[in-house]
Every structure is written in C-alpha cells, then in structure tokens.
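The structure appears right after this line, and notes come after that.
Numbering (the numbering used here), first residue to last: 6 to 294.
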C-alpha cells in the first residue's frame with residue numbers, strides 16, 4: 006500500500022451548510038501547507054475552485070461534510086480522474102472513512118504514500134426526448150424515476166439491451182450503482198452489493214401488483230426506462246432537484262465512462278465493518294439487544 010506520494014496540490018472543500026466546516030477546511034489546508042503541499046480551501050460551491058478542479062489543476066480533493074458532500078465532490082472530481090478523500094463532519098455515513106478527530110493522522114499517511122485508491126462505478130444517464138438527448142448526468146448513487154406530488158403510482162416499462170424486462174406499477178424505480186445499494190435502494194429493500202462490483206441494480210419502490218423483486222444486471226447492460234405519463238412523473242439523480250418527465254421520454258442508463266476514486270487507508274474489509282456498525286446502530290437492532 007505504501008508508495009511515494011504524488012500529492013502536490015490539494016483542493017479542500019467544505020459543505021456550505023455544515024457548521025464549522027469551512028474553519029476545519031482551512032485547518033486542513035494549513036496542515037498540508039505545513040507539509041510542503043500547495044493547498045487551497047473553500048466552500049464546495051466556490052466557482053473559482055470548481056473551475057480549477059475541472060481543469061485538473063489538483064491532484065486530490067478533500068471533502069468535509071457527510072455522504073452528501075462526498076456525492077457532490079464526486080460529481081465534480083470523477084470526470085477529471087481526481088481522487089476524493091472524505092472527512093466526516095456529519096452523521097453516520099457509508100462513504101467516509103476518516104472521522105473529524107483523525108484527519109491529521111490520515112493526512113500523514115497520505116503524504117507518506119500509505120493509502121490505496123478504491124474505484125467506484127458510476128452510471129451515465131441520458132434523457133432522450135423527441136429522438137434527441139436533451140440532458141445527461143454522471144451518477145454516483147442512483148437515478149430514481151418516481152411519482153411527483155400526486156399520491157398515485159407510476160407506470161414504467163423497463164428494457165435491458167433493447168428487450169422488455171418488465172412493466173412496473175409502483176411509487177418509483179431505483180436504478181443504482183453498488184455504491185447506491187447502501188443508500189435509497191437499501192431502504193427500499195434492495196440487496197447490499199460490495200462497492201468494488203460493477204453491476205446495475207433495479208429496485209422498485211412500493212410496487213403495486215407488479216414485479217416486487219430487485220434485479221442485478223451486468224456492467225455491460227443498457228437499461229432503458231419508458232414512463233407512461235398520465236400524471237406527474239419525475240427523475241431525481243443522486244437526490245438532486247427533480248426533472249419533470251413527459252410522455253414519449255426515454256431514459257437510458259449504463260455503466261459510465263468515468264469512475265469515482267476514493268482514497269482509502271483500510272483494506273476492502275472496512276466496508277463490512279461499516280455495514281456491521283450501521284446495522285448495530287439501527288433502532289430495531291438496539292431494541293433487540
């Protein structure tokens with residue numbers, strides 16, 4: 006795991022709505038500068054830093070916040086091939102390994118080359134309208150096609166590699182990565198996939214007299230979802246602002262060209278340790294214990 010460090014320039018990004026995150030980010034940047042690294046701290050929505058990241062001006066992005074911060078940092082860094090190191094200032098999360106009281110030791114290990122890069126599959130999602138692609142997204146966790154304000158199920162047709170898989174009548178359909186298997190898909194009863202896998206996961210939400218099982222697809226599969234719109238149907242990508250879908254729209258989802266790189270200091274077994282800790286912290290498990 007140890008190797009000469011190639012980290013020379015670091016962007017330290019703080020979630021704008023997390024208390025004291027910017028102050029902590031400035032401390033992280035000062036620590037790095039004290040160890041000979043060119044580090045720049047700012048908020049996650051800082052236009053200057055975002056432009057520099059998109060121009061591949063940094064070797065590493067350090068994100069301070071919670072899992073949502075990691076998603077936003079991942080959307081920014083992954084297309085440039087820049088790794089992301091998360092420091093947890095939020096609540097329990099699956100994506101962040103380093104806690105607030107441990108970042109100094111973690112950065113010392115980073116600068117000594119004592120770390121590994123964990124590659125996470127992303128999804129490429131395209132909205133096709135009137136035969137043309139009108140919007141595209143890189144997805145870390147999931148794309149959700151679901152009902153809007155009306156409390157009525159949606160009707161969706163799902164195709165895999167051009168062949169009809171099934172028709173769904175449900176509150177929604179989650180199309181997730183292995184990373185997303187521990188997010189909304191888990192709450193909807195889907196399976197937990199190890200993060201190093203490269204599969205696509207389909208999980209219906211509250212299905213109504215239709216297929217109620219999750220489906221795991223191979224990395225090379227292409228999923229097409231066609232909404233049958235007779236009331237409001239929306240698409241939400243990684244919890245972002247929903248996009249209204251129209252009759253005739255098609256959503257095409259496949260393994261993305263980009264991968265998200267996470268800096269890790271533990272071996273792959275850390276995932277199961279985090280998973281076990283999460284399960285133990287669940288109120289029902291605590292009640293049984």
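The beta-carbon is built from N, C-alpha and C at its ideal position, and this holds for glycine as well.
Whether residue i touches residue j by CB criterion (8 angstroms)
i: residue 144; j: residue 28; result: no
i: residue 226; j: residue 130; result: no
i: residue 154; j: residue 237; result: yes
i: residue 1; j: residue 84; result: Residue numbering for the chain in the displayed model covers 6 to 294; residue 1 lies beyond these limits and cannot be assessed.
i: residue 174; j: residue 214; result: yes
i: residue 54; j: residue 45; result: yes
i: residue 52; j: residue 68; result: no
Collapsed DSSP secondary structure at residue i in the structure displayed
i: residue 267; result: strand
i: residue 29; result: helix
i: residue 175; result: strand
i: residue 106; result: helix
i: residue 72; result: helix
i: residue 79; result: helix
i: residue 147; result: strand
i: residue 182; result: coil
i: residue 294; result: Residue placement at residue 294 is poorly supported in this model, since its pLDDT is 41, which falls under 50; the coordinates still yield a value, given next. Looking at residue 294 - three-state DSSP - the assignment turns out to be coil, as it is neither helix nor strand.
i: residue 58; result: helix
i: residue 21; result: coil
i: residue 288; result: Any answer about residue 288 is weak, because its pLDDT of 48 lies below 50 and its placement is not dependable; what the coordinates show is given next. Helix at residue 288.
i: residue 209; result: strand
Candidates the options: closest to residue i by CA position
i: residue 181; options: 132, 23, 66 and 126; result: 126
i: residue 140; options: 240, 219, 53 and 186; result: 240
i: residue 72; options: 193, 196, 203 and 23; result: 23
i: residue 112; options: 13, 77, 168 and 200; result: 13
i: residue 105; options: 222, 70 and 89; result: 70
i: residue 197; options: 92, 32 and 281; result: 281
i: residue 224; options: 115, 261, 245 and 63; result: 261
Identity of the residues DSSP links to residue i by a beta bridge
i: residue 123; result: 267
i: residue 141; result: 131
i: residue 162; result: 172 and 231
i: residue 91; result: 68
i: residue 249; result: 239
i: residue 51; result: The partner list for residue 51 (beta bridge, DSSP) is empty, contrary to what the question assumes.
Rounded separation between residue i and residue j - CA only
i: residue 178; j: residue 209; result: 4 angstroms
i: residue 21; j: residue 50; result: 7 angstroms
i: residue 293; j: residue 231; result: Its pLDDT being 36, under 50, residue 293 is placed unreliably in this model, and the value from its coordinates should be taken loosely. When rounded, the distance between both Cα atoms is 43 angstroms.
i: residue 159; j: residue 187; result: 24 angstroms
i: residue 264; j: residue 191; result: 22 angstroms
i: residue 257; j: residue 229; result: 5 angstroms
i: residue 95; j: residue 168; result: 43 angstroms
i: residue 205; j: residue 36; result: 40 angstroms
i: residue 276; j: residue 108; result: 19 angstroms
i: residue 251; j: residue 234; result: 6 angstroms
i: residue 16; j: residue 30; result: 10 angstroms
i: residue 207; j: residue 152; result: 17 angstroms
i: residue 291; j: residue 194; result: The predicted model places residue 291 with a pLDDT of 43, which falls under 50 and marks its position as unreliable; any figure quoted below should be read in that light. One C-alpha to the other measures close to 20 angstroms.
i: residue 34; j: residue 58; result: 16 angstroms
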